[in-house]
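Protein chains: 2
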Amino acid sequence: MFHKVLVSDDLGSINQGVLTVLDSMSIKKVQQVQYCDDAYLRIKKAILDDAPYDLLITDLSFVADYREQQFASGEELVIALKKEHPELKIIVYSVEDRLQRVRSLMGTHNTNAYVCKGRRGLIELGKAIKAVSNDEIYVSPQVEQALSEKTNLEIDDFDIELVKLLSNGLSQDEISAHLKSNNITPSSLSSIEKRLNKLRIQFKANNAIHLIAIVKDLGLI
Amino acid sequence: MFHKVLVSDDLGSINQGVLTVLDSMSIKKVQQVQYCDDAYLRIKKAILDDAPYDLLITDLSFVADYREQQFASGEELVIALKKEHPELKIIVYSVEDRLQRVRSLMGTHNTNAYVCKGRRGLIELGKAIKAVSNDEIYVSPQVEQALSEKTNLEIDDFDIELVKLLSNGLSQDEISAHLKSNNITPSSLSSIEKRLNKLRIQFKANNAIHLIAIVKDLGLI
DNA sequence: TTTTGGTTTACGGTTTACCGTAAGGATATC
DNA sequence: GATATCCTTACGGTAAACCGTAAACCAAAA
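Taken in order, these protein sequences are the chains called A and B. Going by numbering that gives the first Met the number 0, the first sequence opens with residue 0, and the numbers climb by one from there. Going by numbering that gives the first Met the number 0, the second sequence opens with residue 0, and the numbers climb by one from there.
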């Protein structure tokens, strides 16, 4: 079981529940922070002091305030930490239940567990901690399909960029010009049309307006 | 100060924080529920028993599960309760910070306070409870403008319906047909164009796609 | 009743989106 | 080196959105 745990979550009230869970598992050394940057610095310092944390439990969304932050979201924090210290176990504990996010964190960035805050969130968090301490991964039932499903969401960054530009009010012509001026390829009007057509089919959208409404609802942009 | 309080929030962990606040204010009779329907029934029963609650603190978003619910959201619960029992004080405590929602709840439905969950959420909740117990209203600073601003949102239900239909993928032609078949007037293609043009100007949108993206971000649909 | 202001509807013209087809180019496979 | 495959680009036709103008309609004010 873990000995030294860091909890990162900007809502003080939720932290209380997490601390209770950790306490019930007899984990004594628990610290908490409310900013991603603080989490990063603490973990770095602990490594230098030769007393590293063996588990980080972090939220994803942190409300921005007056403090300038290097890491704007828990996602960025997780990605950076897993890159620099792959041995550090990380459990994400978030209200966010969008599959795309789970897929990215668990699949690409090797997060060890993903727990959805919710009615049974704390129970699941307990399970996650046990699983991760046994070198297993854990994801909440409601987002489990994110991993099993081989949903070929072959939507790449270019597609996302495209719909973002669209939702910002640019015409397909303007998007083409924008891509050309930024030396991004493909940039022809025809290619843009093709991509959008593919996306419309993929999301079963009747037209571009419908497409934007759908991807906004899905939280892709 | 209040004597009998009901807390409604589907995230058990957050409730703990709320209970702490209430406890620190020496409010002893505190019950909590995790479903809107339970909140409604409890309040009704308490009135019948001649021991009514004098404050309800409720979240807005409740994740749906296997239980069939009459009230799908805290918003519906608040509207129903305020209609049937205007004397019951209600504090909304939600992560939702869209002005339109605050405006609706506070302006139209006479909610007594609106507190945003966040880093200072519990502090503000304390202030809100004090204010409401003095027959004042309270809203979190970050959404205060929702009330002060006399934003001439001369957007009527027809406009909202229009953008909803648009975002559902209907063409202007189809919208016209839909309105005609439902005997809603105006229904001509020309009128639809005019309305949408007005909305585009109002929201500074370049085109229909942009408009939908904007109103979705504003939470109007 | 007439006037006036507003809304709804109709219509024509321009721009943009949508869709299929096909040519050009790069890379991989045999 | 020839062939296949995938992606990018080009083009043309149709549909839809966009935009201005004007007529028709309605209701309140004169």
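Every residue gets a Cβ at the ideal spot worked out from N, C-alpha and C, and that includes glycine.
Along the chain, where does the alpha helix (DSSP H) that runs through Gln30 of chain A open and close?
Per DSSP, Gln30 of chain A belongs to no alpha helix (DSSP H); it is in the beta strand (DSSP E), Lys28 to Val32.
C-beta neighbour in chain A for Ser166 of chain B, strict 9 Å:
Output row for Ser166 of chain B: interface = yes.
Residues of chain B with a CB under 8 Å from the CB of Val62 of chain A: which are they?
Neighbours of Val62 of chain A on chain B, chain order: Gly117 and Arg118.
Rounded straight-line distance, which links the Cα of Asp158 of chain A to that of Ala207 of chain B
So the alpha carbons of these two residues sit roughly 20 Å apart.
For Glu67 of chain B and Asp9 of chain B, what's the separation of their Cα atoms in angstroms?
The alpha-carbon atoms of Glu67 of chain B and Asp9 of chain B are separated by roughly 15 Å.
Determine whether the Cβ of Asn133 of chain B lies closer than 9 Å to any Cβ atom of chain A.
At least 9 Å separates the CB of Asn133 of chain B from every CB of chain A.
Where Glu123 of chain B falls, given that 16 or more other Cβ within 10 Å makes a residue buried
Looking at its Cβ environment, which holds 16 or more other Cβ atoms inside 10 Å, Glu123 of chain B is buried.
Tell me the rounded alpha-carbon separation between Asp58 of chain A and Ile183 of chain B.
Using only the alpha carbons, I get a separation of about 47 Å.
Which residues in the same chain as Gln141 of chain B place their Cβ atom closer than 7 Å to its Cβ, once the five residues preceding and following it in sequence are excluded?
Closer than 7 Å at the Cβ level, and outside the excluded window around Gln141 of chain B, lie Asp96 and Cys115.
Quick check on the DSSP output: the alpha helix (DSSP H) that includes Ile154 of chain A runs from which residue to which?
Neither: Ile154 of chain A is in no alpha helix (DSSP H) and is coded neither H nor E.
Any Cβ of chain A within less than 9 Å of the Cβ of Leu10 of chain B?
Flagged as an interface residue toward chain A: Leu10 of chain B, by a C-beta distance shorter than 9 Å.
Grouping DSSP H, G and I as helix and E and B as strand, with all else coil, what is Ala204 of chain A?
If DSSP states are grouped into helix, strand and coil, Ala204 of chain A belongs with coil.
Residue range of the unbroken alpha helix (DSSP H) whose run includes Ile42 of chain A:
Where Ile42 of chain A is concerned, the enclosing alpha helix (DSSP H) stretches over Cys35 to Leu47.
Go through its chain and collect everything with a Cβ distance to Ile42 of chain B's Cβ below 8 Å, but skip five positions before and after it.
Non-local beta-carbon contacts of Ile42 of chain B in its own chain, meaning distances under 8 Å to residues more than five positions away in sequence, involve Leu5, Pro51, Tyr52, Leu55, Leu80, His84 and Leu87 in chain order.
Going residue by residue through the stretch 157-181 of chain B, where are the continuous beta strand (DSSP E) segments of at least 3 residues, counting only ones entirely within it?
Within the stretch 157-181 of chain B, no run of beta strand (DSSP E) reaches 3 residues while sitting entirely inside it.
Thinking Leu165 of chain A and Ile211 of chain A are a contact (beta carbons under 8 Å), I'd like their distance in whole angstroms, please.
Contact holds; Cβ gap of about 6 Å.
If you follow the beta strand (DSSP E) that Val114 of chain B is part of, which residue opens it and which one closes it?
That run of the beta strand (DSSP E) goes Ala112 to Cys115.
Would a C-beta distance cut-off of 9 Å place Tyr92 of chain A and Met105 of chain A closer than the cut-off?
Not in contact: Tyr92 of chain A and Met105 of chain A (Cβ atoms no closer than 9 Å).
Within-9 Å CB hit, Asn196 of chain A to chain B
Judged by the 9 Å Cβ criterion, Asn196 of chain A is not in contact with chain B.
Measuring only between beta-carbons, confirm whether Ser170 of chain B sits less than 9 Å from chain A.
For Ser170 of chain B, the nearest beta carbon of chain A is closer than 9 Å to its own beta carbon.
List the endpoints of the continuous beta strand (DSSP E) containing Val91 of chain B.
Per DSSP, the continuous beta strand (DSSP E) segment holding Val91 of chain B begins and ends at Lys88 to Ser93.
If we ignore side chains and look at the alpha-carbon of each, how far apart do Val29 of chain B and Thr19 of chain B end up?
Cα to Cα, Val29 of chain B sits roughly 11 Å from Thr19 of chain B.
Enumerate in chain order the residues of its own chain whose CB-to-CB distance from Asn205 of chain B is below 8 Å, with the five nearest sequence positions on each side excluded.
Excluding residues within five positions, the ones whose Cβ falls inside 8 Å are Arg199.
Pick out whichever of A:Leu40, A:Ile220, A:Met24 and A:Val77 has its Cα sitting closest to the Cα of Val127 of chain A.
In the sequence as displayed, the identity of residue 127 of chain A is Ala instead of Val. Looking at the Cα atoms, A:Met24 is the closest of the given residues.
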